[in-house]
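These notes are about the structure you will find just below.
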Amino acid sequence: MKNALELSYLVPLFPLIGFLIIGLGRKYLSKPLTGIIGCGVILASFLVSIWIFFDVKEGNSGVVDYFNFISAGSLKVPFSFQIDALSSLFLLIITGVGFLIHVYSVSYMHHESKEHFARYFSYLNLFVFSMLLLVMGGNFVILFIGWEGVGLCSYLLIGYWFKNTEYNYAARKAFVMNRIGDLAFLIAIFMIIAKVGSVNFADVFSAEALQKLSPSVTIITLLLFVGATGKSAQIPLYTWLPDAMAGPTPVSALIHAATMVTAGIYMIARSNLLYSLSDVTSNIVAYIGLATALLAATIALKQNDIKRVLAYSTVSQLGYMFLALGVGAYTAAVFHVMTHAFFKALLFLGSGSVIHAMSGEQDIRNMGGLSKKLKITFFTFTVGCIAIAGIPPFSGFFSKDAILLSAFEKNPILYGIALFTALLTAFYMFRLLFVTFTGKFRGTHEQEHHVHESPSLMTVPLIILAILSIIGGFVGIPEVFAAGGDKITEFLSPVIAKSAGHEVSHSTEYMLMGLSTGLVILTIVFAWFRFKNYQPKEEKGFGKVLENKWYVDELYDKVIANPLNKFAGFLNNFFERFIIDGIVNGVGRAVNYGSRQIRLLQSGQVGSYVLLMVLSILLLLVYQFFIKK
Amino acid sequence: MNALIISAIMGVLMMFSGILLKRKSTIRGLALAGLLVTIILNVMEIYGVHLFRINVTGMMSFDRFSLFFNTIAMACTFVFFLLSAKEMEKVGVNYSDYFALIFFILSGIILSSSFSSLLILFLGIEIISIPLYILTGSDKRNLKSNEASLKYFLLGSFSTGLMLMGITLIYGNSGSFAIDAITNPETKPGVLLVAGLLLLMFSMAFKASAAPFHFWTPDVYDGAPTVFTSFMATIVKAAVFIAFIRLFYHAFGEIHNTWKFIIAIITALTLFIGNITAVFQQSVKRMLAYSSIAQAGFMLMAVLAINSIGSEGILLYTTAYCLSTIGLFAILVKMKDYTFEGFNGFAKHQPLLAGVAVIFLLSLAGIPLTAGFLAKFYMINAVINSGGFLWLVILAVLMAAISVYYYFRVIQAMYFKEGEAQVIEVSTSFKWVISLVAALVILLGVFPQLLFSWFYF
Amino acid sequence: MGVTPILFWILSVMALFSALMVITSKNPMHSVIWLIIVFFAISGHYLLLNAQFLAIVNIIVYAGAIMVLFLYVLMLMDLKKETEPQKNRWLKLAGAVAGGSLLLVLIAALKKADIANQIAETRTGDIGLIENLGKVLFNDYVVPFEISSILFLSAMVGAVVIGKKE
Amino acid sequence: MIALLLILIPLLSGVVTFFLKKENSAKSWALFTSIVTLSVSLLGLTVLNKTEMLQFKCDWLPGLGSSFSIRLDGMGQLLCLLTAISFPLIFITTWHRSYKNAHNFFALMLLSQAGLMGVFLAMDALLFYFFWELALIPVYFLASIWGAERRIAATFKFFIYTFVGSLLMLVGLIYLQSLTPDRSFDIKAFYSIVLDGKTQNWIFWLMFVAFAIKIPVFPFHSWQPDTYEQSPTAVTMVLSGIMVKMGLFAVIRWLLPVLPSASFAYGEKMISMWAIVGMIYASLLAWRQDDMKRLIAYSSIAHLGLMVVAIFSESEIGMQGVMIQMFNHGINILGLWVIVEILERKYGTRKLSELGGLAQKAPAMAILFVVVALANIALPLTNAFVGEFMMFTGIFTSPISEYEMITVPAAGLTIIIGAIYTLRMVQKVIYGNTNALTATGTDIGLNEKLVLGIIVILILVVGVYPQPILDLTKDTTNFIINKANILPLLKK
Amino acid sequence: MQVNYYIYLSVALFCIGIVGVLTRRNAIIIFMCIELMLNAVNLLLVAFSKMHHFKNAAIDASAGSDGQLFVFFIMVVAAAEVSVGLAIIVMMYRNIHSVDINFLNRLKH
């Protein structure tokens, strides 16, 4: 048996093959076959990933070079994969959750026509391929390739229903916002090349290279972080993610909740050695993360679109992860990525199941009382809500607790706000749960009649994810509960140096956990009373501001997009036409005008000809004899 | 010397042929044959065959340069005869006399390309000018022709006056008319010499239609019968340039610092006025008149450069320019409407003629692969190699770009616009000849050494 | 002051005055007459410079043949003085000013000529005699002399071409 | 031999085509010979080490110090390959279009190909100039005869504009020749000239203006959108796919190594700044265009601006990036033009506002279009990413640059705006609902699929494995950079 | 006499001729003024000829005679020119019954 590392290329290769087969054969493949290929390749990747994971666990990690991607002058960019704890963990998440979502999709998308169905799966496979490149890449360039690749797939999938112009705009917005981040990311890569001369992780994170980088580490890390804000929807580039809900729900689950958006976290975790060199950046990351978490949470309070609530929740949770990164708890961040992948995928798929049942209805004001008909969905959704709210022993609790604890160590105020955000999270999640599943049905009769539980292809992934959401946290049980329980930190330690251990005493830790759990439960109870018999009503005042997402989109339009567009229009309609082209044409016109004027010299009169000649002679003679030296 | 005498005799012969020969085609045949003989004898002279041994007392020198140019001039005249001699019938009744005058002009051309005394220069220029006054006015009942003739005559005599004053002042300074005895390199050029030189320059500039002495050119070229415009705008102008260069190279080459800048100014003005004014013309004939001024600006650069590249270049330039312009005029004569609109849709009706016209126009505009390009190239090269005057070169190329504007207007009319261009019947032989001329223009544009290898043997 | 300078000055004044009259006379006939006087004055100068041949030729060719031709043409056309409308006054002024300035410039420039003070011998020197000129003409200048025949021929042909009625 | 064939085949077959009166025979003949040219060009790649196969020299104008000297070096190979690939693709794409006087059309196309080949091969400045114009003139006629409504004025502006530039270049070349010791136009003589700074500056501007107009660098670009818009698409393909490369190529071969200190003095500080302003400017304009041709034209200006900046960064990586990007840009923009050609032929419009919903009607085209569009925005694993990445890296790590923290982000803005306008184009053309015009749309035919397929394959192959091309141009790049790099001199 | 007097005189006559050309409208008068210019030149040539003769007579007995011969040729040319010129003027007169050069304005611009 070969070493798993040597076969690591198989992991992205399977989805790529899947993409090619489905993409090229979309006219010829039947829907079931497409589904089987689409899911099968991911499953294959997942199996290889598991193998790799265990191999890595054995301590078998390293870099595999395939060929020279770019080699010119001093720059050498190999096409290489880096297999270590961090990437193998991500591989598992991506392929595992990805597989479940693929399976779910087979059923969710069954009403699409053959070709579009195939198109969907080919995109999805391509996405997985890109995401795998991203996490496996052995250097920044390969990472970047995956980084943009997932952006592309996100674009394609958001705009999957391409007839809808609205969706297309959302797709474009997502891509462009991502590109803004990508630019910063690229510049950071250039700076690394300029300083180190290499983009390989192994070279860049070597002690020698870090020495070279340290003078400009703040700016590099900041730029990387800007890149991450684009991909991971942080302030100021978060507004695309809620709009990205235009895509099919499984896509939202996979791309915009579980995997792609966590790329920023991955990247920063990958570069944790750089970030630990710069306190400034770390603080900024923490503050931005926290601010995003809070802002998104407040917006989520008043959203009525089931997927939008989840989207803002995702933004908020991502903010949490960045908070963790900012306070140096890289492991906690990665841990939260994992648990979040479970429960957020679960929630999204659950919402998908609801939407499926409601024939495409997404407005929770038109739902209610669905728990009776959608039992499995309701149950799993509830699990997801509990997990995200952070109630022990659900997975969310452990990861969130790790973050809160780290925040507390850093600064109690950070902790305070983070806790407040956690409460908001619990509140709006349960608002969503209650409004959707309890109370009376508020939709049309037709819808009511139509509501039904989803087929097993959809519910089985829900159940699996629900189980994962429940037990997923046990890989990171805090030391206070069980020594050696924090397996994930242990596992990641080759990549992310273990901190010396928490400074706070165990009692404080217990107290904090108790505090947060208690408050969360209180919040849920409050939400229950508030929303068990929800009736929609017009929002006013502050509520309206929240419903309109703090008017951030409008602000961006007013301050950036519109002026830029107007400026471009000015350039196009005025500057280009009258200045640039005007000058060129003006030269032509001047020649023409000059021609008309000079030709008047040719008056046809002999007398004036002679006069002009004599005058010229005069001038030339005067020049020659009296002016020229 | 062979050519000079034979062409003078041919002139006399043609004078009488009008009485003796009734058929115009015979007259034309005689002229063509005579010219061919003259050319052959001239070429033989290059190879050392002298029919006449005459002591010219140092007033003329038939060196390789002049003989070579004479061959070019006569060959171009031959082409001109082939293409346009038939059109001369339409001008007036004195068919044979026109040939006689042209042969006399050829004698004048030979004189002005081989003079070594200012007297011969003067005589040569006059022998060129006087028949031209007549040819210009030969369409007697055409008021434009009359007017052109009188204008040409008055202004031409005026410039003769200037030239004579110049020669006189030079004579006053040096006591000789021989061009190699005019300057004394050891002493600073005297005021009389400089003044004379300038007046001579102005009158030569007048003959070469260089600004600001160009005013006669458009009117005369426009008014004269088109066939004769074709002749005087090309071969005659070329001869004047050869005389110009010969004079300034041999007589004043040593004191070039005194006059170079003035020539540069004249060149610049010529380029500027010629090109700019041509832009707005509505008649192709008049446009070609201005274009000839513009081309003169380029040829003046050889005078400015006074180096071997320039002399070599002027030979190529005159060849290229003469062939292209003669060809273009030969087509123009066939047109019923001389305006640009008259050419609309020409390519559809006469694809061959339109094609060769394009080649001629491209050559005039100086587009590579045509002789006109290499000609301009030589001029620029000559000036740059003589040092300085980069501003003039840049001006020249900018003006060349402007020239593209008006030359291409014809191409646009012929190819890109719809219309019914009216053409007089053209014979097949005409088409053959003009195609050969066009081929020659291209050939010279790719392998100019065909011309020069012969020059250097 | 000897006779020569006195003659020189008289002839010069005569020439200049007549020349001015040529260009100012309203009647073309008067202009012709004045021009003939100029030619006579110039011939006088030639005599003073002992260029007798040219003096005679000048009288015969210029004052005689050429001017008679002019007169003949003028009479043929029967031009009254009224028939010549005056040029625009400003153009006239401009012409006069331009010509005057040219004169000034030329004189100012030529004043500095290094031969300015050399002597043009008057009343002596025999190169202007017919015999001597003839020798030179038919020895050294025979080629140009023959060439001028081409000129005459072409002028003749030209005059015929232009003048002949069709 | 191969070098000579590359010029001769299109030249002679072009002349022959003039006499093929039947449209179909002219078409087939043109396609056939262009494929022969392509094969010769590919053959050239196989004999990289046999220099005697790749060069040709004979006397031409001995009196002027010029000789007919051509050679295929790495950069030449690449650009000749681009030229050779483009023409068959163009002919296949326009196979179903019928031209008035088709034989003239194809003859002129082949002549322009000969000119382009000559430009890339010439090792003699005068010869270079000859070919430079030979490439231009057929294109002028092509555009003026077979173009759109306002063709005459637009192409005339283009012609005069570029002609002014090339004449100035000619002055520069002659000036240089007059400074060479043996008065020679040979490129070796040019490379051996050592000039003082002041003279270099003069000549630099004379020549650079020509190249700047051709490329075009802001603000000399105004001919381009008009010309692209008015030319028949086949000609636009030649113009933008290959011809603009002439400018870049000329800067690399005839400017940088010959006038290093002037290039250093102006290139990095002045021209790069202008080019960057131009990139942003053109990108913004592209955003506002409704006509696809104009949009692509502006987009091309933006892309070429980056190449200019990279050239003057004088770094090896950047230069390698430029080399590969010249090829890539040619391929990509060709793909875009193919799309435009298809749309125009099928729907009679290029206006974004009049199109839409074609993803439903023409899925194959839509997919290929999207890939090409993605290459246009340099998405990783497309060819353009490699080029742009290397160019940016080169600019950033340039040994002579001092403002990389300003220039690179500024130039990088076009990455963002590029995404905006390209995706806008994609969206308006293939997404959304169909309208009256596009409702009856059909998918593309086999020949178009073939062309776009080849283009897409090239895009992806070069995007994934660019190393062969990089190896091909490595020596040229090294040579140019060594000639151009005057930093060691400055340090002394 | 010092030669500069002749220079001044000739130049003066020459310029008077030019002024005449500039100020008159009658083609014949203009032509006469041109003849005046030629005569001014002739006079100067003779003067120079005598000057050179005076200076160089010792070396060459016929020194300066070329100047006078040039005058002879000028007269020849002038005669030929007059014959052609008057013919042209007469032809013009036949057509438009005027010798006013201001009427020569069909050809312009």
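Chains as they are written, first to last, in my numbering: chain A, 1 to 629; chain B, 630 to 1086; chain C, 1087 to 1252; chain D, 1253 to 1744; chain E, 1745 to 1853.
Beta carbons are placed, not taken as given, at the ideal position from N, Cα and C, and that holds for glycine.
Might you give, ordered along the chain, the residues of its own chain that have their beta carbon closer than 6 Å to the beta carbon of residue i, omitting 5 neighbours on each side?
i, result
"residue 1347 of chain D", "1699"
"residue 1662 of chain D", "1528"
"residue 1 of chain A", "Since pLDDT at residue 1 of chain A reaches only 43, below the 50 mark, its modelled position is unreliable, and the value read off the structure follows with that caveat. Closer than 6 Å at Cβ, skipping near neighbours: no residue."
"residue 1097 of chain C", "1127, 1130, 1131"
"residue 496 of chain A", "272, 330, 331"
Between the options, which lies nearest to residue i when the distance is taken from Cα to Cα?
i, options, result
"residue 1464 of chain D", "D:1561, D:1263, D:1680", "D:1561"
"residue 836 of chain B", "B:821, B:865, B:860, B:931", "B:865"
"residue 1412 of chain D", "B:1019, B:1029, B:737", "B:1029"
"residue 355 of chain A", "A:143, A:448, A:316", "A:448"
"residue 216 of chain A", "A:281, A:544, A:96", "A:281"
"residue 1304 of chain D", "D:1443, D:1470, D:1325", "D:1325"
"residue 439 of chain A", "A:166, A:134, A:367", "A:367"
"residue 705 of chain B", "B:1063, B:1074, B:928, B:763", "B:1063"
Round the Cβ separation of residue i and residue j to the nearest angstrom and send it over; I've been treating them as touching at under 8 Å.
i, j, result
"residue 1738 of chain D", "residue 1516 of chain D", "5 Å"
Could you pull out every residue in the same chain whose Cβ sits closer than 7 Å to the Cβ of residue i, ignoring the five residues on either side in sequence?
i, result
"residue 7 of chain A", "48"
"residue 988 of chain B", "999, 1067, 1070, 1071"
"residue 532 of chain A", "434, 438, 439"
Does any residue of chain A bring its CB to less than 8 Å from the CB of residue i?
i, result
"residue 1024 of chain B", "no"
"residue 1233 of chain D", "With chain D covering only 1253 through 1744, there is no way to say anything about residue 1233 of chain D."
"residue 906 of chain B", "yes"
"residue 1187 of chain C", "yes"
"residue 1498 of chain D", "no"
Note down, in chain order, each residue of its chain lying with its Cβ closer than 8 Å to the Cβ of residue i, except the 5 sequence neighbours on either side.
i, result
"residue 80 of chain A", "63, 64, 65, 66, 137, 138, 139, 142, 200"
"residue 1037 of chain B", "990, 994"
Please tell me whether residue i has its Cβ less than 8 Å away from any Cβ of chain B.
i, result
"residue 1781 of chain E", "yes"
"residue 1136 of chain C", "no"
Would a check of beta-carbon distances place residue i closer than 8 Å to chain G?
i, result
"residue 586 of chain A", "Here the protein chains are A, B, C, D and E, and chain G is not one of them."
Taking CB distances under 8 Å as the criterion, tell me whether residue i reaches chain D.
i, result
"residue 1078 of chain B", "yes"
"residue 1 of chain A", "Caution is warranted here: a pLDDT of 43 is assigned to residue 1 of chain A, below 50, making its placement in the model unreliable, and the coordinate value is therefore given only provisionally. Chain D, which has no Cβ nearer than 8 Å to the Cβ of residue 1 of chain A, makes this no."
Determine, for residue i, whether the minimum Cβ-Cβ distance to residues of chain C falls below 8 Å.
i, result
"residue 783 of chain B", "no"
Does the beta carbon of residue i sit closer than 8 Å to a beta carbon anywhere in chain E?
i, result
"residue 564 of chain A", "no"
Checklist entry - What runs of the alpha helix (DSSP H), each 4 residues or longer, lie entirely inside the segment 190-249 of chain A? => result 201-204, 207-213, 217-231, 240-243
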